[in-house]
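Those protein sequences? They're chains A and B, same order as listed. One rule links them: number in the working numbering = place in the first sequence (from 1) + 319. One rule links them: number in the working numbering = place in the second sequence (from 1) + 1.
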Amino acid sequence: MLDSKIPAGPLEQKWSEYKGHVKLVNPANKRKIEIIVVGTGLAGASAAASLAEMGYQVKTYCFHDSPRRAHSISAQGGINAAKNYQNDGDSVFRLFYDTVKGGDYRARESNVHRLSEVSANIIDQCVAQGVPFAREYGGLLSNRSFGGTQVQRTFYAAGQTGQQLLIGAYQALERQIALGNVTMYARHEMQELVLIDGKARGIIARNLVTGNLERHFGHTVLLCTGGYSNVYYLSTSGMGSNVTAAWKAHKQGACFANPCFTQIHPTCIPVSGEHQSKLTLMSESLRNDGRIWVPKKQNETRKPGEIPEEERDYYLERRYPAFGNLVPRDVASRAAKERCDAGYGVGTSRQAVYLDYAEAINRYGRIECNKNGIANPSPEIIRRHGMDVVKEKYGNLFNMYEKITGENPYEVPMRIYPAVHYTMGGLWVDYELMTTIPGLYCLGEANFSDHGANRLGASALMQGLADGYFVIPYTIGNYLSDEIRTKEIPTDHPAFEKAEKVVADRISQLKNIGGTKTVDHFHKRLGKIMWDKCGMARNANGLREAIVEIQQLKKDFYNDLKIPGEIYEMNPELDKASRVADFIELGELMCMDALNRNESCGGHFREEMQTEEGEAKRDDENFSYVAAWQFAGEHEWVLIKEPLEFEVAKPSQRSYK
Amino acid sequence: MEHYKMNLTLRIWRQKNSETKGRFETYKIEDISSEMSFLEMMDVLNEKLIREGQEPVAFDHDCREGICGTCSMFINGRPHGPWHANTTCQLHMRAYQDGDTITVEPWRANAFPVLKDLIVDRSAFDRIIQAGGYISVNTGNAVEANSILVPKDQADSSFAAAACIGCGACVAACKNSSAMLFVSAKVSHLALLPQGYPERKTRALNMIAQMDKEGFGSCTNTQACESVCPKEISMTNIAKLNSEFILAGLSD
Ligand SMILES: Cc1cc2nc3c(=O)[nH]c(=O)nc-3n(C[C@H](O)[C@H](O)[C@H](O)COP(=O)(O)OP(=O)(O)OC[C@H]3O[C@@H](n4cnc5c(N)ncnc54)[C@H](O)[C@@H]3O)c2cc1C
Ligand code: SF4
Ligand code: FES
């Protein structure tokens, strides 16, 4: 049985009630307690800084050379908050409701409501740190809209919101390092969790510069290690993003929840060839002003500019008049796939659709000419003014597109296609963000919590920072107040010794395979299986095949892998190999979860379960639960269900028509 | 865009670790597509080296989209290669022609020791931030966001300085290995905002002191940094830093 520890009482009072009664740790005792924070992206850096400010002794780890490089840095579009600065009807309730509905009723109401409640504090905190959000001429903060909502609640810093938020959290973290409250271990990768008497008490980390294994003790361990999109090989994630920390915890008893819930983002730059190493996102904010279309004729060969208006199919506007180009990501992605599969795709691969800014440039140009009192402006003048506006809003994204494709998006429409972008699944956590292992917490994208089956844009940054700045500082006290008598456990304790040996054996096993194929060879094979059979559309047969193929892949990996170099030196190929080993096991579980969930919801689309119009068909009667998987031995898992109850946001068929 | 294939000669700096001496090695590589990114070309080289039983070239990278600041190659004498306002990972092979020779080295600066091949240790940058590159505000201290008004032009200038990705190209380009562009970007980002105003004097003094301590050289205004900075951080930030610094010195 899973105890989600949701506080009693009405939804809107749960969090204040909880905070009012949660146990505290007094300042003198905080100084004696050591907290390990693995990962220093938005979730980890905000948690580590906040806990250190409170007086705890913190140790942090990241595989990057600096906390400032975490994958959070690449978030582009923005962060949501229920500030209602635009007076357009936003509120804590509406943000809560949009998020539960956007997640297709597969998230916990209590968590989502708390997230909405603290959202406004996040913006206050970030502004105080010096995050340079976009502003209006009067000096007030500016907002824009994002997919899946009808209000403007997204705060942003051009197309670099993640960068600016992460730099804010990073600076707060560096300040605590300078004060001696945090010890930072960069270029260190967690390889194992250490359990003593059933509680999380430390980690084994590999120093990526020397290859040495190190033992670290903590009264408690927080995993803030990000998402696992790279199981697909190609994704918008950073190249090093991995599941290893979460996976090692899973194999020691932490349940993994909803692993098959992955988000495929509709607007990414299409694959250009076999050599492709990663995919680049074009922020969803582009859908605010850009229009998505394909030619009405199959296998069209004309250039986009030569196709007249009436021969274009603005398929999102056609199918979903209420939300148009701003439908949620899962809906937009599937619609693009549907058009391309039907033969209307564009570009050499025909696996792309157009994202067109011509109309927006014209519209903004007219407004600017009006503002500047330019009477009867020529089309050229309108265009120039319009381009200036578009450049200010989206300039860095347009530049990025041009650098990658060599095409100028101010002149020709961009070509886009869906790509793997975010993982809603992750370690199961209760209301306090604790996993099923006592003393082990999980924050940010690495946990499964708040986004259900589909995450709305601009809400991952919100969740990561909510977890780190405003949730864990309260909930951790409830556990640590009982730990004040626990003395630091020396790392020559047998549990540390054993864990280190497990890691050393695993590494030498990988190194000594002595096969013929590189890590990337296996990673690409895995990615292809996952994308073809557990990607945008899934069916029972395909998933069964995928499981068999992955099991075979695992055998091949352990028979034929080749890792150059030595163990005790900097060895990026070895780092990659140990990550891919875990991705292979995760891939199998994702397919099992997708097979078990015989319904379509959010990003999980089972072809067997669709309406006549091709929309997703949810099955609330049988699947209104969180699927938490417990590891039970190689290729074996036990499913534990956490039923979801909706007292306030009653499930309805999600409609964006 | 017309795509084409090319054969190239690569001269790459190889160094086992920070204790050993490095040297250039030459590699031939074939059938590189103009659509590849520079790092994808390096991936192709590495796959080939591994298959042939040689050690692949170690290099730093993560986001591969120009924002994390991890990638750091000195290509044909220029940090991040030939394109303006660009990172190594965003450089694409259409910048080269069949038959070209490309020389690739790590950042060279005393404060950035080589760890392996093309990977250097840039933790000195983190320590400069620790010396004062922040606003002293604890979680929970903040006031309502819109109670702080920031004029748009000031917010925009602050943002332009905050766009620095901490890559270190400015240091690699500078004949004195000065970190002034990096430091000045942070000082400007924070000093331009009302929230950062109170600490601006100590911030400038402490960050510069740390910069000197790390062994970065001094700025002699050659402007090499600005011309290679992938985020177009402007030299005017250095002027601003100097004035903050003088101001701080005078009031002490
Ligand atoms: C291109 C892109 C654009 C996005 N845009 C938006 C947006 O506009 N709005 C939005 O809300 N969300 C956006 N997202 C999603 C959002 O950025 C992420 O979900 C979020 O930043 C994740 O933060 P995190 O702190 O959980 O993880 P990360 O930032 O991924 O941090 C993970 C940390 O863990 C460390 N780590 C990992 N494994 C180990 C290990 N084994 N040992 C030690 N350390 C480890 C890493 O070094 C890193 O420090 C975007 C995502 C992408 C890919
Ligand atoms: S100032 Fe420019 S070159 Fe220097 S670290 Fe920042 S982004 Fe890189
Ligand atoms: S790899 Fe991130 S900036 Fe180049």
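Just so it is clear, CB atoms sit at the ideal spot from N, CA and C, and this is done for glycine as well.
Under DSSP, residue 675 of chain A forms a beta bridge with A/610.
Judged by DSSP in its simplified three-state form, residue 533 of chain A adopts strand. Secondary structure remark: continuous alpha helix (DSSP H) runs of at least 4 residues inside the segment 359-392 of chain A, in chain order: 361-373. Under the criterion of beta carbons closer than 8 angstroms, residue 481 of chain A and residue 393 of chain A qualify as touching, at roughly 6 angstroms.
Taking 8 angstroms as the upper bound on Cβ-Cβ separation, chain A lies near residues 190, 191, 194, 196, 197 of the segment 177-201 of chain B.
Counting only the Cα atoms, residue 533 of chain A lies some 20 angstroms from residue 570 of chain A.
Between the alpha carbons of residue 84 of chain B and residue 233 of chain B lies a gap of roughly 12 angstroms.
Within the DSSP bridge table, the entry for residue 353 of chain A names A/376 as partners. For a cut-off of 8 angstroms, the C-beta gap from residue 34 of chain B to residue 4 of chain B is around 6 angstroms, short enough to register as a contact. As a beta-bridge residue in DSSP terms, residue 836 of chain A pairs with A/880. Counting C-beta pairs closer than 8 angstroms gives three or more between the segment 365-376 of chain A and the segment 486-501 of chain A, which meets the contact rule. Taking the Cα positions, residue 240 of chain B is about 26 angstroms away from residue 491 of chain A. Note: residue 962 of chain A is bridge-paired with A/944 in the DSSP secondary-structure output. Here residue 473 of chain A is bridged, per DSSP, to A/399, A/463.
Residue 245 of chain B and residue 235 of chain B do not touch by the CB rule: their CB atoms are close to 15 angstroms apart, not below 8 angstroms.
Taking 6 angstroms as the cut-off, the C-beta of residue 175 of chain B does not count as close to any heavy atom of ligand 2. For residue 37 of chain B, the chain A residues whose C-beta falls within less than 7 angstroms of its own C-beta are 594, listed in chain order. Look at residue 135 of chain B: its C-beta is under 7 angstroms from a C-beta on chain A.
Secondary-structure assignment with DSSP links residue 30 of chain B through a beta bridge to B/9.
Under DSSP, residue 575 of chain A forms a beta bridge with A/746, A/948. Between the segment 36-51 of chain B and the segment 519-528 of chain A, the count of Cβ pairs shorter than 8 angstroms is below three; the stretches do not touch. Here DSSP, grouped into helix, strand and coil, assigns residue 75 of chain B to strand.
The shortest CA-to-CA distance from residue 194 of chain B to any of B/211, B/145, B/136 is the one to B/136. Residue 574 of chain A and residue 814 of chain A have their alpha carbons spaced roughly 21 angstroms apart. Residue 152 of chain B has a beta carbon lying within less than 7 angstroms of a beta carbon in chain A. Runs of the alpha helix (DSSP H) lying entirely within the segment 675-716 of chain A and spanning at least 4 residues, in chain order: 677-690.
When secondary structure is reduced to three states using DSSP, residue 218 of chain B falls in the strand class.
At least one heavy atom of ligand 3 lies closer than 6 angstroms to the C-beta of residue 64 of chain B.
The three-state reading of DSSP puts residue 969 of chain A in coil, since its state is none of H, G, I, E or B. By the CB criterion at 7 angstroms, residue 615 of chain A and residue 630 of chain A fall inside the cutoff. Neighbours of residue 117 of chain B in chain A, taken as residues whose beta carbon is under 7 angstroms from its own, are 889 in chain order. Taking the Cβ of residue 183 of chain B as the reference point, at least one heavy atom of ligand 2 falls within a distance shorter than 6 angstroms. A Cβ of chain A is located within less than 7 angstroms of the beta carbon of residue 131 of chain B.
Judged by DSSP in its simplified three-state form, residue 120 of chain B adopts strand. Note that the C-beta distance between residue 769 of chain A and residue 434 of chain A is below 7 angstroms. Judged by their CB atoms, residue 75 of chain B and residue 173 of chain B are nearer to each other than the 7 angstroms cut-off.
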